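K.L.:
Number of protein chains: 4
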Amino acid sequence: MTLAVGVIGTGMIGQDHIRRLTQVLSGARVVAVTDIDRDRAAAAAPEGAKVFDTPQALVRSDTVEAVVICSWGPAHEEQLLDCIAAGKPVFCEKPLVTSEAAALRVMEAEVAFGHRLVQVGFMRRFDADYRRLKAVIDGGTLGAPLMYHSVHRNASVPEGLYTSDMPLNDTLVHDADISRWLLSDEITGVEVRLPRRSRQGGELRDPHIVLLHMAGGAVVDVEISVNIAYGYDIRGEVSCETGVAALPNRPATVISDMHGIRQAIPADWRERFIEAYDQEFREWIAAAGQGTATGPSTWDGYAATLVADAALRAVSSGNLEVVGMREKPDLYSQQPRLAA
Amino acid sequence: MTLAVGVIGTGMIGQDHIRRLTQVLSGARVVAVTDIDRDRAAAAAPEGAKVFDTPQALVRSDTVEAVVICSWGPAHEEQLLDCIAAGKPVFCEKPLVTSEAAALRVMEAEVAFGHRLVQVGFMRRFDADYRRLKAVIDGGTLGAPLMYHSVHRNASVPEGLYTSDMPLNDTLVHDADISRWLLSDEITGVEVRLPRRSRQGGELRDPHIVLLHMAGGAVVDVEISVNIAYGYDIRGEVSCETGVAALPNRPATVISDMHGIRQAIPADWRERFIEAYDQEFREWIAAAGQGTATGPSTWDGYAATLVADAALRAVSSGNLEVVGMREKPDLYSQQPRLAA
Amino acid sequence: MTLAVGVIGTGMIGQDHIRRLTQVLSGARVVAVTDIDRDRAAAAAPEGAKVFDTPQALVRSDTVEAVVICSWGPAHEEQLLDCIAAGKPVFCEKPLVTSEAAALRVMEAEVAFGHRLVQVGFMRRFDADYRRLKAVIDGGTLGAPLMYHSVHRNASVPEGLYTSDMPLNDTLVHDADISRWLLSDEITGVEVRLPRRSRQGGELRDPHIVLLHMAGGAVVDVEISVNIAYGYDIRGEVSCETGVAALPNRPATVISDMHGIRQAIPADWRERFIEAYDQEFREWIAAAGQGTATGPSTWDGYAATLVADAALRAVSSGNLEVVGMREKPDLYSQQPRLAA
Amino acid sequence: MTLAVGVIGTGMIGQDHIRRLTQVLSGARVVAVTDIDRDRAAAAAPEGAKVFDTPQALVRSDTVEAVVICSWGPAHEEQLLDCIAAGKPVFCEKPLVTSEAAALRVMEAEVAFGHRLVQVGFMRRFDADYRRLKAVIDGGTLGAPLMYHSVHRNASVPEGLYTSDMPLNDTLVHDADISRWLLSDEITGVEVRLPRRSRQGGELRDPHIVLLHMAGGAVVDVEISVNIAYGYDIRGEVSCETGVAALPNRPATVISDMHGIRQAIPADWRERFIEAYDQEFREWIAAAGQGTATGPSTWDGYAATLVADAALRAVSSGNLEVVGMREKPDLYSQQPRLAA
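Written as structure tokens, this is what we have:
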């Protein structure tokens, strides 16, 4: 009755998902874990869960009904293909894969299988603020969306570990995915502009202004600042034909004191999106229990890969770089229907 | 491993709690239900749950580890006493009981039992906005709280069913409980003032201004409007010695259109407090699993009963009506400590 | 063509009004000044203005068309009566007079004169925020106003100089006047509650909660905090039958930094109401140029005196103290009509 | 003592400035008017003002100390050169002139004259919200400004009269000028992107996204929507190294009703900037009274001309168009010092 889940990769994010599946949400239990570090896997395994030596063995085990992939990106392709071969629903953390070719291979396998199995971890789509924003846009009372201003600000990034490609490779992909989802449209081109460099990040290329051109003509302008010190501040505003809709302030206590009338800003993505992560897995459990997936798809992971590639090219070229997506398989055009 | 719960009363709120325990939260399952309407109980029972003929039988059943009471108020006393006699943790919806004498009897039984078993359903204490507000006050950076302005506005109340005592008996109790909790203090007196009557509610006595006098000297002024048409609007602002802290707007999409720049207001308490209900039960499950209770206690239910009684007297007398609470048993002065 | 103004009292506020009439506003010039300190008067006199030895001489001078009274309160009655005797429009700073009897004498003199000459300095009525708020209430779309919550917070008051009667005598009068004006109604009773004392003001009685009962049944609750440290924070919210209207945040820059997302709060009344003072005199000049007055009247100054007296009695008695106003002279029931 | 002003052009904006100088502000009087339509000039002339047949005659008249130019753009150059030749301070409405060559001729004449005489009508610099925003940026506590997001939304523009060049020629110039002023920097390049066209404006090219590249490296992205129906909504947000500063909501009444909790948005530029216009002329009068000018200069008008030209080229080319300004004359590098 409850979904038997196997977790591949028991680092920080893997451990957090194990906690979520075990202690927070109903409907699932973690029955299997594996990690390149066997001790770490053993330590992270909840009571009764079996520690596997390899991802492949875990995926193929009869006790595992669905898989959560939290390994590092380069390992995802093989693990995803294994899951598809085994016909098992799989949640895969970002990035789906690390190259366009790999994304296409996974997509082809899933299409050949015949229905969706893969959900990729774009958690913003499960955030209540974004969902309300999308509902307003989709409601149509403001007319067609023409522009979207997306603001992505990190308080800081790990010095040394976070390189100049990462604002586009790791950070922009969230804005790109949420733009596609909010506007129900695809990205066809990317431009990047580099404002004066912030002294907060030393030699790091920061901030960025990115323009995403959508197939339907809307233009998205993204501000990415990854060392802005004051907090993790995610903003979004859609300008439509007859009105504008925007993400609200986070619901922090309104304090009036010597600093003015004010509300705290989240410190990091954990604080900002913790409920979104819960909801993401709630919906994954529901779909996986029926042998399929409903959230962000392989197609969405493929799109993210192409946009990040184009953004990196755009930094070098200074030009508009085209995002050339293949034709969309039917599989990704409709939401799987779940039984009530 | 998961808590085996029996539910007494399968009306609207009982059904909602069954859904919550079964489909939303981890750690509990509903194994038993009962209702004065046996068919309704049978219809509400999840797969595998047994339908009992009487509350007493349900409480005494060996398969039931903890109880949720959603019956009507006058039945609560007996059911609570049964649970205490059986040594079983129990969640009891508001009102705890319907008289001071009954509250004292339940309290004496629980004190005699020796540790807390009862949690009463004041869900606001589990709301994230209120919790952050309390954290600011308790943090002490704004100095001592001196005044609290609590605003309780209902869009509408059921005509005919909702009588003129109910703004004080059913509605004020939330503001009273949250005042006691936010200010970590007891109410010692109640005054009620009746502004010009709203034509929205016909002959209903509405709105009310209520002053709650706290033992430590703080004064709470409460606005209660139960037919204000525009929405369910819950506000609270604590004035301290060197600053002020208030509940924020709800995190609705910020829309700019012909009506201005605006955010939607919740329609009703379900929309406003749905996450608070989930959290309330999450914490109840954790404590009940260890044989005790941690949230609002029998003492809090007793206080609410006395405040509502005083408020009703204050309407008649026009005077300050004293809330005379008995001495607080040690049992209610400390939080039960849960194992990690 | 421009109004020839004589100013009585050249202390801080008198000097500020001279600056306003001379350098900021069109349509007036200061032709005469007087002060109990002749040197101070001479120093404050703008070029071409004559320094008079006595208020009486200034008022009676043919060169003076209209008078501004900025002397201390106890001197106002005689100066106002002189102005009325001379038939000259007069702007009088708060308080109009310092006793009910004096207020009645001024009122009788003005009524006997036959049209309005006196404007009293309640500058809030000229503040754009309050005016927009009143326009919403008067527009009627929210139904009748039933409650008004008025918040009056001073960062600090001068220690030693500011005594425990002054929150009611000097501060409350603003909330009382604005309540009468916003609700288009009279105050019939006053209650005062004393919350726990703030340690910010030493022995000073602070804060206060004041309830004002309006003739039409609305109830106003006022929070007065005069030592709240963080700023000069003036708030007001009117609860009506089908909606609520409130003063907005002041239009300060929205800053996101380590203190959160925030807006500065005014430091004091000068910063908060500077435009209101300008507008107050702009309208006074327009009316005085036509030999009359249109703003807050002798009647309003009389009401303020009675409310302050009742509030002080209410502190002593702990009871509702009645505000017994005489019948309203016709003179004060209609706005004087100005030529275009 | 009061400044004797001559007004050239008595259309809508000229009439409004006559009203402002005559009825609102102190320190100036209108002594002369002229217009291509002599009857319109005569009708607009305040009492005692002389109607001149030509701008040249007005400028040269001994009774005129300073000039306000409200004629149409192509006439400005000659009138400005006349004022400079006569050594008279002059306020000139936008656009300063209509070509780069004309701007250079006016600049050369003023430089040859030896001190500033010209103020150009960029009124936003006098708006209190923008001034506070600039004070925060200049204060430096947020670090260097790296990006500025400027939003310019008109409810509607006159169909037929407002052509597709005007969003850049007439509207963008405000955002460009305020960007230069806020960031204390010059624009070196302009890019324009055309999102999906709004159906609100028929064939009109709308909206626009414009990128302004500043000499110091900051990038400004401007949203221009001229037919967005819901109001005149002017927004601005500066992203700095360690924080963000933004224009606040306008201080409209906060209404809670069936449309949510909301504040009205200005209907048009008159409502939004009325105080800014007053302040603009207040400061002009002060400087003109001392024979000079302090606000936006000929240099600023020249910059606006170049930016608009570059923006129009950028629409055609799709590329970054360079703004090549001549070297800045010393005259425009320092503010004229006014006597106290």
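Chains as they are written, first to last, in this note's numbering: chain A, 1 to 340; chain B, 1001 to 1340; chain C, 2001 to 2340; chain D, 3001 to 3340.
Where is the CB? At the ideal position from N, CA and C, for every residue including glycine.
Given the structure is predicted, the values throughout are model-derived calculations rather than measurements.
(1) With H, G and I counted as helix, E and B as strand and the rest as coil, what does DSSP make of residue 1099 of chain B?
(2) Which chain D residues are close to residue 2026 of chain C, counting only those with a beta carbon under 7 Å from its beta carbon?
(3) I want to see whether chain C comes within less than 8 Å of residue 233 of chain A, judged by CB atoms only; does it?
(4) Indicate whether at least one CB of chain B lies closer than 8 Å to the CB of residue 3263 of chain D.
(5) Pick out whichever of B:1251, B:1081, B:1273 has its Cα sitting closest to the Cα of residue 1264 of chain B.
(6) Measuring straight from C-alpha to C-alpha, what distance separates residue 2070 of chain C and residue 2281 of chain C?
(7) Output, in sequence order along the chain, the residues in the segment 2243–2272 of chain C whose CB is closer than 8 Å to any CB in chain A.
(8) If you drop the 5 nearest sequence neighbours on each side, which residues of the same chain put their C-beta closer than 6 Å to that of residue 3284 of chain D?
(9) What are the uninterrupted segments assigned as beta strand (DSSP E) that are 3 or more residues long and contained completely in the segment 3104–3142 of chain D, given in chain order?
(10) Among D:3057, D:3165, D:3086, which has the Cα closest to the Cα of residue 3112 of chain D?
(11) Locate the alpha helix (DSSP H) running through residue 1179 of chain B, then write down its first and last residues.
(12) Exposed or buried, what is residue 1114 of chain B when buried is set at 16 or more other beta-carbons lying within 10 Å of its beta-carbon?
(13) Under 8 Å between C-beta atoms, does residue 3344 of chain D make it to chain A?
(14) From the DSSP output, read off the bridge partner residues of residue 1081 of chain B.
(15) Residue 2260 of chain C by DSSP, collapsed to three states: which one?
(16) Distance, Cα to Cα, residue 198 of chain A vs residue 3230 of chain D?
(17) Let me check one thing: in DSSP terms, what residues is residue 1225 of chain B bridge-paired to?
(18) Are residue 2110 of chain C and residue 2104 of chain C touching if we call contact CB-CB under 8 Å?
(19) What does DSSP give as the partner residue(s) for residue 1006 of chain B in the beta ladder?
(20) Would you kindly check if the distance between the Cβ of residue 200 of chain A and the Cβ of residue 227 of chain A is under 8 Å?
(21) Identify the contact partners of residue 1142 of chain B in chain A, using a Cβ-Cβ distance below 8 Å as the criterion.
(22) If you reduce the DSSP assignment to three classes, tell me which class residue 2203 of chain C lands in.
(23) Express the C-alpha separation of residue 3270 of chain D and residue 180 of chain A in angstroms, rounding to a whole number.
(24) Among A:143, A:257, A:320, which has the Cα closest to the Cα of residue 1239 of chain B?
(25) Examine chain A for any beta-carbon lying closer than 8 Å to the beta-carbon of residue 1136 of chain B, and answer yes or no.
(26) Answer yes or no: do residue 172 of chain A and residue 222 of chain A have a C-beta to C-beta separation smaller than 8 Å?
(27) Taking only heavy atoms of the ligand ZN into account, decide whether any of them is closer than 7 Å to the Cβ of residue 2065 of chain C.
(28) What's the gap between the Cα of residue 3296 of chain D and the Cα of residue 2167 of chain C?
(29) Using the beta-carbon count (16 or more within 10 Å), is residue 72 of chain A buried or exposed?
(30) In chain order, what are the residue ranges of uninterrupted alpha helix (DSSP H) at least 4 long that sit wholly in the segment 1262–1293 of chain B?
(31) Just to confirm before moving on: does the CB-CB distance between residue 3003 of chain D and residue 3093 of chain D stay below 8 Å?
(32) Taking buried to mean at least 16 other C-beta atoms within 10 Å of its own C-beta, is residue 3023 of chain D buried or exposed?
(33) Kindly confirm or deny that the segment 203–221 of chain A and the segment 147–167 of chain A touch, where touching means at least three C-beta pairs closer than 8 Å.
(34) Shorter than 8 Å from the beta carbon of residue 2312 of chain C to some beta carbon of chain D?
(35) Comparing C-alpha positions only, which one of C:2315, C:2040, C:2019, C:2272 sits nearest to residue 2129 of chain C?
(36) Does residue 2133 of chain C come within less than 8 Å of chain E when only Cβ atoms are used?
P.N.:
Result, derived from the coordinates:
(1) coil
(2) 3023, 3024, 3025, 3026
(3) yes
(4) yes
(5) B:1251
(6) 14 Å
(7) 2249, 2252, 2255, 2256, 2257, 2258, 2259, 2260, 2261, 2262, 2263, 2264, 2265
(8) 3091, 3119
(9) 3118–3120
(10) D:3086
(11) 1172–1183
(12) exposed
(13) Because chain D in this structure spans residues 3001 to 3340, residue 3344 of chain D falls outside the shown range and cannot be described.
(14) None; residue 1081 of chain B has no bridge partner.
(15) strand
(16) 36 Å
(17) B:1153
(18) no
(19) B:1032, B:1067
(20) yes
(21) 255, 257
(22) coil
(23) 38 Å
(24) A:257
(25) yes
(26) yes
(27) As for the ligand ZN, it is missing from this structure, which has no ligand bound.
(28) 47 Å
(29) exposed
(30) 1269–1288
(31) no
(32) exposed
(33) yes
(34) no
(35) C:2272
(36) Any reference to chain E falls outside this structure, whose protein chains are A, B, C and D.
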